[in-house]
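Count the sequence shown with our numbering and you get residues 19 to 281, in order. Think of the CB as a built atom: it goes at the ideal place given N, C-alpha and C, for glycine as much as any other residue. This one's a predicted model, so the numbers in the text were calculated from it and none came from an experiment.
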Amino acid sequence: MSDNVDCRNLVQKYIEYLSQDFIIYDYLDNDCHIVTPFWRPDGNHIEIFALTNKDGSISLTDEGQTFDWLFSIGMEVSGSKNREDLINQLVKRYNIELKNGTFSLQLNPDSVGADIHKFLTALKAISSMILLRKPYGKPTFKDEVELYLIETQQEYKSNYLITGKTVEHRIPFYLNSNRNWLIETLSANTIGAAKPALYKVTFEWIDIGASGQNYKKVTLIDDTDNKWEEIWSNNRIRLPLEEYSDQVIRWSQRTQLLRIAGT
């Protein structure tokens, strides 16, 4: 970033904005109800509660509001193994607790700020991923990428429609960082399955490039379970991707996406 940008001032302004948009109410005897500036997918604010435990420690909880909201939009978790599995996966990922339909996290006195941020991010991700999850089957690689964008609070659009020189294309993600980054996701378990995906992506990038639009094209590769060594490092796969993509990023090196976004 340019030397004439005062990054500390930018961050301070953001913190000031956030602090003004937290609304705090008394709750029960000595506890509090916090309306945050963060939203669920329906546009309503995420609300949390800070409760005092018997030992004097403090726990954050959503008081069951996340499950209540999911029930209200027809996405009840109870009775759906698919949704229950996803909830358990996210609870484990964020190291929070789930009991009787209520999410909670006991605060560590040495990391209160980080814990509050983690809890809010978890509630937002849980709400978003339940809506994104297909009725059946495991999360796709695209789902994992979208969860990562949500976790890292990136501004993006999904299933972005763009007109190339000859046809329209649906690109999984447009990263709105004033840099016009298009992100295509690739996952395959065999070289045979990788080839059609390769042809699709290279055609997209060639056609969009030929349209004269100023997009930067990123191909994000699922390299879990040695897929890079066994599939994507093959020259007939790798070289065309590198030729027609502005950047090829492995999932194991996904922090590069944050640098693209300038965060």
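Closest residue to residue i among the options (Cα-Cα distance)
| i | options | result |
| --- | --- | --- |
| Ile180 | Lys235, Phe159 and Asn244 | Lys235 |
| Ile201 | Phe191, Asn207 and Ile209 | Phe191 |
| Asn10 | Ser146, Asp44 and Pro214 | This structure does not reach residue 10, given that the chain is present from 19 up to 281, and the question cannot be answered. |
| Ala68 | Arg197, Asn48 and Asp243 | Asn48 |
| Lys72 | Gln124, Leu116, Gln83 and Lys110 | Gln124 |
| Ser205 | Ser129, Asp60, Ile255 and Gly227 | Ile255 |
| Ser263 | Asp241, Tyr233 and Ala212 | Tyr233 |
| Ala228 | Val266, Lys183, Arg188 and Asn252 | Lys183 |
| Asn177 | Ile189, Ile42 and Asn253 | Ile189 |
| Gly119 | Ile226, Leu167 and Asp80 | Asp80 |
| Pro59 | Ala143, Leu104 and Ala215 | Ala143 |
Delimiting residues of the beta strand (DSSP E) encompassing residue i
| i | result |
| --- | --- |
| Asp266 | Contrary to the premise, residue 266 reads as Val rather than Asp in this sequence. Its beta strand (DSSP E) spans residues Gln265 to Arg268. |
| Asp286 | The question about residue 286 has no answer, for the chain in this structure spans 19 to 281. |
| Asn177 | Tyr174 to Thr181 |
| Arg193 | The sequence shown places Leu at residue 193, rather than the Arg named in the question. Residues Glu186 to Leu193. |
| Ala206 | Careful: Ala206 lies outside any beta strand (DSSP E) and carries neither H nor E. |
| Ile66 | His63 to Thr70 |
Whole-Å CB distance - residue i paired with residue j, under 8 Å assumed
| i | j | result |
| --- | --- | --- |
| Trp223 | Ile239 | Actually they do not touch by this definition, with Cβ atoms about 14 Å apart. |
| Glu102 | Gln83 | With 8 Å as the limit, Glu102 and Gln83 do not qualify as a contact, their Cβ atoms being about 18 Å apart. |
| Thr208 | Lys160 | Not a contact, Cβ separation roughly 19 Å. |
| Ser129 | Ser77 | No, Ser129 and Ser77 are not in contact; Cβ-Cβ is about 14 Å, not under 8 Å. |
Neighbour flag for residue i against chain B, beta carbons, 8 Å
| i | result |
| --- | --- |
| Asn252 | Absent here is chain B; the protein component of the structure consists of one chain. |
Residue interval of the alpha helix (DSSP H) (run including residue i)
| i | result |
| --- | --- |
| Lys110 | Lys99 to Tyr112 |
| Thr84 | Gln83 to Ser90 |
| Thr220 | Ile209 to Ala228 |
| Asp161 | Phe159 to Glu169 |
| Glu260 | Asn253 to Tyr262 |
Taking three-plus beta-carbon pairs below 8 Å as touching, is the region 28–43 in contact with the region 51–60?
The region 28–43 vs the region 51–60: in contact.
Does the contact criterion of 3 or more C-beta pairs under 8 Å hold for the region 132–149 versus the region 166–175?
The region 132–149 is in contact with the region 166–175.
Meets three-Cβ-pair contact criterion under 8 Å: the region 255–274 and the region 213–221:
With a cut-off of 8 Å, the region 213–221 and the region 255–274 count as touching, because enough Cβ pairs lie within range.
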